[in-house]
Each structure stands twice: as structure tokens, then as C-alpha cells.
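*Asks:* Protein chains in written order, with our numbering: chain A, 785 to 1339; chain B, 785 to 1339. Virtual Cβ for every residue (Gly too), placed ideally from N, Cα, C. Fair warning: this is a prediction, and the values are worked out from it, not measured in the lab.
(1) Given that residue 1237(B) touches chain A, what residues does it touch there, using C-beta distances under 8 Å?
(2) Are the C-beta atoms of residue 1127(A) and some chain B residue less than 8 Å apart?
(3) So what does DSSP say about residue 728(B), is it helix, strand or coil?
(4) Which ranges would you report for the alpha helix (DSSP H) in the region 1015 to 1084 of chain A if only whole runs of at least 4 residues count?
(5) Within the region 1246 to 1312 of chain A, note down every full alpha helix (DSSP H) run reaching 4 residues or more, in order along the chain.
(6) Quick one: Cα of residue 1010(B) to Cα of residue 982(A), how far?
(7) With 16 as the cutoff for other CB atoms within 10 Å, does residue 1335(A) come out buried or exposed?
(8) How big is the Cα-Cα spacing for residue 1185(A) and residue 1129(A)?
(9) Applying a beta-carbon distance threshold of less than 9 Å, which residues of chain A neighbour residue 915(B)?
(10) Is the Cβ of residue 785(B) closer than 8 Å to any Cβ of chain A?
(11) Name the residues in the region 1201 to 1215 of chain B whose C-beta lies less than 9 Å from a C-beta of chain A; which are they?
(12) Do you know whose CA, among 1164(B), 992(B), 910(B), lies nearest residue 944(B)'s CA?
(13) Throw me the rounded Cβ distance for the residue 1217(B) and residue 1120(A) pair, which I believe falls under 8 Å.
(14) According to DSSP, residue 1145(A) sits in a beta bridge with which residue or residues?
(15) For residue 1131(B), count neighbouring Cβ atoms within 10 angstroms of its own Cβ and tell me buried if that reaches 16, exposed if not.
(16) Residues in the region 972 to 988 of chain B with C-beta within 9 Å of chain A's C-beta atoms, listed in sequence order?
(17) Please classify residue 1340(B): is it buried, with 16 or more other beta-carbons within 10 angstroms of its beta-carbon, or exposed?
(18) What does the Cβ neighbour count give for residue 931(B), buried or exposed, with the cut at 16 atoms within 10 Å?
(19) Just checking my contact of residue 1164(A) with residue 1302(A) at CB under 8 Å: how many whole Å lie between their CB atoms?
(20) Under 7 Å between beta-carbons, which chain B residues line up against residue 1157(A)? List them in chain order, please.
(21) Nearest by alpha-carbon distance to residue 1088(B): which of 1153(A), 1104(A), 949(A) is it?
(22) Quick one: grab the DSSP three-state call for residue 942(B).
(23) Within a Cβ cutoff of 6 Å, which residues of the same chain sit near residue 1311(A), ignoring the five residues on either side of it in sequence?
(24) Helix, strand or coil for residue 795(B), going by three-state DSSP, please let me know.
(25) In the structure shown, what three-state DSSP assignment does residue 889(A) receive?
(26) Is the beta carbon of residue 846(B) sitting closer than 8 Å to the one on residue 909(B)?
(27) According to DSSP, is residue 845(A) helix, strand or coil?
(28) For a cutoff of 8 Å on Cβ pairs, would you count residue 1032(A) as touching chain B?
(29) Relative to the C-alpha of residue 1029(B), which candidate in 1061(B), 951(B), 894(B) has its C-alpha closest?
(30) Using CA coordinates, which residue listed in 1280(A), 1287(A), 1247(A), 828(A) is at the minimum distance from residue 1268(A)?
(31) Are residue 935(B) and residue 960(B) close, meaning C-beta to C-beta below 8 Å?
(32) According to DSSP, what are the bridge partners of residue 897(B)?
(33) With 8 Å as the threshold, decide whether the Cβ of residue 1113(B) is near any Cβ in chain C.
(34) Residues of chain A with CB under 7 Å from residue 1121(B), in chain order?
(35) Just to confirm my understanding: we take residue 1023(A), look at its own chain, exclude 5 residues before and 5 after, and list those with CB closer than 6 Å. What are they?
(36) Measuring only the C-alpha atoms, how far is residue 1052(B) from residue 1099(B)?
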């Protein structure tokens, strides 16, 4: 490129700021103008909830950069309060409007980057324009929520995705009472329902009220507060409402310019983040890219992909053939609610079902490190793979510690197109405070291969058919204290070989235990003794009560 | 296999116990005999140091299984205090001796598993047989150390590998004074020296005395204590000595039986853990397997590989063609010293140098999660790759939190034969408590690709040549408070563009900062302005003082 390249960046948060920063490093002499409608650039949007709850005490820590700091660091021309209103593609210029004084001007460009982001959804419900119905996108929204909240107030959070769960947690931290309402029948709907059970119980344990399978129909303003009428007829009284039901891409400008958009309004880009106009790039929450697991379009409105997409665009503009393509998105995500984390990478079981794809899955329950070392806490890991090839399609994890680590390893394994056999022999870091000689990920590989090799059949639901004999192989005191639902025969594992005659060989058997490990051992014995047997995958912890102990405390 | 297969397992800890357990799951009717010379089977050997220091309070937690529990769980015939003295390969039988009564017998086998483990090295130094010179291999050794130690005593730990570092930490926990002596000029010699700086400073901060580049020459018993004479002439006074200078494989039995051994006495096995006798398998600390990064023999005396090797052998015996090979070992390892962890996966730089292999490396300094979220702590990550292909060869990490996570991701990436480009686009789990939009691993990928693409040259040492202009781009107060060594010009980064005339264009420049990020930015500016410039890789933190802050605290 000539040294006089002018790059105009519309939108100065994750994708736009990353693009501008990388561009400057690649070309000291380019002219780089970054405009942003809001008052702030390059702020830490993922940190906003934590300032509301006071966990982040320093607001300045969230304002990662300012126009002045970006001038000093990157010699950028940053204009905040500046809105792009029109793209003249033929003339390669953008009309902008300065919100402070209403003045307009045209800014020409050699290359244009669109990183407009996405706005919180605000469906046209009666009463939604009440000022007590708040959303959270930027520092300004955050400040409004901080100003509107105080200890003892009643908050209703609509939508239990990331922001909903994080806001519910943080508003409880601040001493508000919180009701969390979710249209689906589970919280954190990206995950399969059983993998959200621990997080849900943790929120309830901290007195977050949870209303599932219900949505808001209308808001009825009262003098002192707001009445939220749910579609079920239920009414929640609120001093404020946080609306966190999802986002829509801010792509009117791109649409008006005639750029190709996807079915849900996202900007279509190629592997180098070029739109249908080769001089216009787009990145971040507003674009659709390719899914890295199953070839299909995907939109991941999150910071990691946005940052890396912005960088790829800058590389393509300034590095020529040394630029490497954006390989697509995976959808790795994690949320924390109090002491519990839950997350996903790749495809969920329900998404595969909806897409009509074949898959297999197992869930293992283990701990984040060796159980003989103090502080071991339960961890559940679910893996999903393609039956024919064994290739990994997705993973989910939940627990108190080490959830992020397993997700990151699984994300790496999925991106590497590893299969279930590869998981068996991942050589992960082991010292007692950090792991186990056989990590949960190795165990998941073992369980998956056992299934593939026909050593065990798994069931993920307990049968209700009374013909089936459900054998609980946990120690009797544990089985008595935390009984499995339904009609169950308790035969503690060490006594199983001596008690085969208690079972009817003509009827099928399902074995169960706390973690899914002893039930597998039992199923192996019974299968070799000629029984028709399946093991209850993941044990009671994954499916019934995630806090039921695996062992009774010894006196 | 017929249901009457008799599997004889010699050695009942990690590899042997895993083999026997897997064998039982695969064949309910096999006869499985496990003999063990010591009094305990299947104990948690990696946990032993933590019981010495009291972190693990329950000794029973370390004795994972007993002969009785293994009978109940797995229907194993376990014989402790039983030593194998001879293998009759032609007769397919092993002569064993019961230590309790001296009785001998021959036990025949269809398949034999050798999992004898490795013994702590005890070189023939004068005085080494003094009862106060202790080693740590099993519960019995642990009990001896516990009985021999009390608060206020003086301990000398010889050898600063895993066990040495863990024992130094735990003996400090117990209130002993500790000197840690290492023959090499760094602690934890598996790592490259700079990656051990933080761990070393952490040990010193907890008053562990560290003597490097020195070894023990002889022990001189005194009436009340032991005098340790080092080869340097230095003398350390000790109430007890822990000898942790490495292990040697217990392979006399295999050698006497004529099985093929490697150059360092390890049992040679094929991909299914078969020795040179197809009916005899071997696994664990005593075997040599293939290195998974660079094809060469390797011995990894650690729990993870041992467990998985034992399982592979059982699969090969009982699963026939469904058995999958052991893919080799990587050498992933981690150690904790107080609040600091350090670890490695794959090859180190010094091992590559010794093997004459070409490589490139970068070190990035970052934090375990977003810095705007409270609790961010420094993390250093070093990656090493093959110059031609970009394929990853190794990684090392150190820091207070998240070290194990980065090692596990890097281990997975190395096993997947990923390259530096792949690291850029790993989509890792990000929410403020868990990570960052661009994780340290992504940053390492960026830095490596920048180097590959010729955007930056790195130097890992500060030049002493006075011709070279060293430019410190940190803020002046920080540069003043934590000065870089040598003759350095401070030009704070935001003022660099305006101060290019302070530098002599005819002389080379090295840029430096705290983390290696701003120095890279500065190098980009200077390179584009025509300077001959290199960036000091990893910044001052990685190379000089790991505890020097990146920012001065604001008032």
C-alpha cells in the first residue's frame, strides 16, 4: 500500500479498535480515522456487569483507552459522538454527523471498516419505554443502572443468557432482590439443560428467583414501581427491569449502502472480513462468519472473535499476501454465577438435534484435581462427537473450578479436528493442586471410546418402564440418604458379583451411581454375565441433584 | 481371549493398578494376580510431599486402594510384600518370594505386566547411608520423613526438580528451615532458566535458601546432626537431608530375563506396550516410549503416562484389534512453590539446542484474566516452534494462576501438530473472571507470526555493546523506580514519534518495556522510520525481575 492509505473505522470498541491498532503497527504512515457514535471508545464491555455489582470498583479501569491515549499510542484520529449516516460507495466516502453540534461532513476513505456492533433487543411491548426498563451495552447504560439501583430494591432480569446471569449475580451482590425470567425452560440456553442445573441451583442458593418457560408480555407502570406481566399471567413487581434477551446487529448503514446481509441482518464477509464491496471490511458483533465445526454461517457476538476479526481485516489491507484468513468462529462461551461456572464450546446437543445431525455424547463427573488433595470440587464435562469419524463436535462443562480450563482444552481439540481417541491420550499438566493422573478430559475420552467399542451402552434418562430393573450400586447409606427417583434396587458395587441372583436375567437393567463410573463398572460385569444392561451416563449428579454428595462424610 | 486368561501384574501402583483394573473391566472371568514388593498398592504417590507438610491431613486419602478394596471392586488377587525374583520366559512363569516368611513359589502366566517403577538415585557418596539421608518414593518413606521432621529443624534438600521443590515448600510449611541445592545453575532444570525466575524468587521469598550450580560431595555425621559438604567447599548443617536428584528404573528383573533395554536401562516397548517378549508387557516409570514431538526415545517417570500405558496394555491383551496404540509421551509437567506455578510441555529451548534442532521462540508476559477485573496476576508464556513449518515444539508457563490452563491448551495444540498461526485463532473461554478477549496464548501466536512475517526482530538478551542504543519506552516514573540494567535511554512510548531525533539512525536500537508489548510497538515505529531495531522479547519481567510492576500504583 502507499503510505497515504486512509482507513476509516466506524465503531471504536472491540473490532474497530483492534483493526485500527493493528493497522497502525503495520503502517506508521497511514491515515487512520476512527469514529464512534457513543462517548467512549475501546472500553471493556464484558466488564460492565461487574462494575454494577461493585466487584470492579474503578470505573476508569473499564475505559481501556481514550481518544487522547489512542492519539499518543497509535496516532489515531478518534472522533467520538460522531455518527456515520451514509456510505457513498461509488465516491468512497462516508457522511458523518457530529452529535454535539449537528454538523455534517463527508469523509473519504481508501478502505472502510464497519464495526457497528449490536444493540440490545427491545421488542415493542406495552410499557417497554418506561425509563425503569434498562439495557446494558455501554458505559452510559452502566452508569444509568448504577444510578437506578440501591440495596433493597426489587430487580427483574428478563433473559438468562450471559448478561442476564451476570446481572442477576451482580445485583444480588449489591443487595437487591432479583427475579430472573427466561422464555426457555432452562437458564443459559446456549447449553443443554442438564449442564445448567448446577448453575441454576447456585443462583437459587443465593436467593435469585428463577422463572423459566415464561416471558414478559407487558410492563404496567405504577406510581412507585413497575409491574411486569408475564405471558403465563404471573406478575412480578419491579423497581427496575434489566432487559437482556439478546442483541440485533446495527447494520442499517450497511443495508442502506447495499452491502450483502445474511438472513438475520448480519453483514456477510469473506475469510478476510471483506464485505460484498472489496474496499469495505466488517468485523465484530454485526457480521456473520463461518462455523468452524460444521460448515454453516454463524454469528458470535463476543469480544474474542471481534478482536481477532478486526486484526485480520487490518492484515488484509496492509500485509497483502502475508495476511492469513479468519478461520471462522466456534462459539466458546463461559458464564459465572457466584461460585459456579458453566460454559460451552462448539455445538450443543440440542443444536445438533435441531439441525438433524447425527451425534453421540457422554457426560463424565469428576473433580478439578486429585480428590486426595484438599479442595477438590465436582466438575461435569459433556462431550459430543460425530458417530462415524469420532470427530469432536462440542463440549460443555460446569463446576466450581477448572471449568474454563476444560473448555479451553476442548476448544483447542475441536479446532484441531481431534477425535475421541485423541482425548484419551492428551498429556495434561498434573500435580495434585492442578489436575489428576487421569483428567476429566481423559475420562471423557475413555467413556466415549468404550461406547464406540461396544463395551457399554449409556442412557441419559432413567427409565420409567417398570420392566426395567434400575440397580443403584452406591453404598447403602448414600443411596438411603440421597435416593434415586423411582423404583430402584440398591446393590452396593462390591457385593454385586455375589448378588446377581437378585436380578431377573430376562429383564433389562439400568445401573446407576453418583458419578457414572461405578455404574459403568457394574454394567461391564452384568453385560459379561449376559444381562441386557445400560449405564446411566454421568450418574445422579449430572442429571438429578448436582449437589448430592458422591460420598457421605465420614465421622 | 479365553475366559481363563491369567494376567500376572508385577508392581501395583500407577501403571500396574491401571492395567489390572482395565483388564477386569474387559474380562470378568480372567484371573488377575497383582504382586507388589511394598506394603501398599495403588497409592497416590504424587500426594506424598503434601502429607509431609500437613496440607493433606488424612493419610488414608493417599492409600487409594487396599488389597481388600481391590478384591471387592475388581476381584483381584493382590499380594503385597511379594517380590518377583525371576522370570522364566520359556515356562511362562515368575518366581516370587513372600517377604513376610521368606517362602517362594512359581506363578505361571498367560500374559505378564511389568510395572516395577523407578527408585530414587542414591549415588555412592561418603556418608550417604546415614539414616538421616532420606528419599521419597512410597508411603513408608513418607512416614519416615514425617517421623524425622519437626518445626525448627534444618533440612537440606538435594535436587530442585519436582520433588525437591515440593519438599522444600512442604518442609517450610512444617516450620523447618530449608536449603535447596541444585547441581544446575537454575531450579526446576526441565525448564529454560528464565521461566524459573519467578518460582525461584517465590521460594526465596518464603525463606528457602537456594544453592545453585553446586552438588553434594559427602555427608559427615556429627553427634547431633549431619554436615553436608558441597563440591564447592560450602558446608550446610542439616538435621535431615532429602535426596531428590532423580530416579533410575527398577529393571533388574527385566534385564535378567533378557528383555531388551534402552541405553539408560529402561524397558523397550512397542506401541502396545509389549516388550521384546510378546507375552510380556511393561508400563510406567521403567519403560521408554516414543516422544510425540520429535521422533526419539523418551522416558517420562510420571503418573499420567503410567496410568494410560497400563490401560493400553490391558486393551491389547483383552480387546484384540479394537486396542489403540499408545501414541507416546510429551513430558507435560507442572510444579507449585507456594503461590507460584511453573511448567512445561514438549521440548525446552535448551533441549533443542543440545539436540542441534532449529527452533524459534517468543515469550509473552500477560495476566491470567482481563486486567480490569480484580485479581489479575502476571503470567509468562514461552512458546517454541519449528522455523520452517511453524509447527509448535514446546511451551513453558509461569505465574500465580492459570499456568496449568495454558500448559494444557499448549499440550493439546502440540499433540494436534498445530502451528503458530493456529494459536492466533484459538477461541478460548472469555468472561472477565476467566480470561481475556485475547488470551496470552493468542498473543503468543501473534508475536510468533509477527516474527515469522518479518514485522519484528526479537532479542532475548540485552546487548552489552555500547554501540547499541537501548530505548526504555516505559513511563519515566516506572523506568526510574525499576531501572533496566546498563546504559538506557528512557523515551516513554507516547512521546517516541516526537523524539526520533534523540536517536542515532546509524546505530542499532533495542527497545524494551515491562512486558514486551510496548517495546514491540516501538520497534514497529522505528523499523518503519528506517532504524535497525530489535524488541527485547518478553520485557523486563521475563528476564530481569519477575516482580517488577508493569505500572506504578496510582495514589
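*Replies:* This is what the structure holds:
(1) 1103, 1106
(2) yes
(3) Only positions 785 to 1339 of chain B appear in this structure, which leaves residue 728(B) out of reach.
(4) 1036 to 1040
(5) 1260 to 1265, 1302 to 1312
(6) 55 Å
(7) exposed
(8) 17 Å
(9) Correct list: empty, because the minimum Cβ distance to chain A is about 28 Å.
(10) Bear in mind that a pLDDT of 45 at residue 785(B), under 50, signals an unreliable position, so the model cannot answer this.
(11) 1201, 1202, 1205, 1206, 1208, 1209, 1210, 1211, 1212, 1213, 1214, 1215
(12) 992(B)
(13) 5 Å
(14) 1168(A)
(15) buried
(16) none
(17) Lying outside 785 to 1339, the shown extent of chain B, residue 1340(B) is not represented and no answer is given.
(18) exposed
(19) With a Cβ gap of about 16 Å, residue 1164(A) and residue 1302(A) do not count as contacting.
(20) 831, 834, 840
(21) 1153(A)
(22) strand
(23) 1317
(24) coil
(25) strand
(26) no
(27) helix
(28) no
(29) 951(B)
(30) 1247(A)
(31) yes
(32) 793(B), 1065(B)
(33) The question asks about chain C, but that chain is absent: this structure's protein chains are A and B.
(34) Those within 7 Å of residue 1121(B) in chain A number zero; the least Cβ separation is about 11 Å.
(35) 937, 938, 1009
(36) 19 Å
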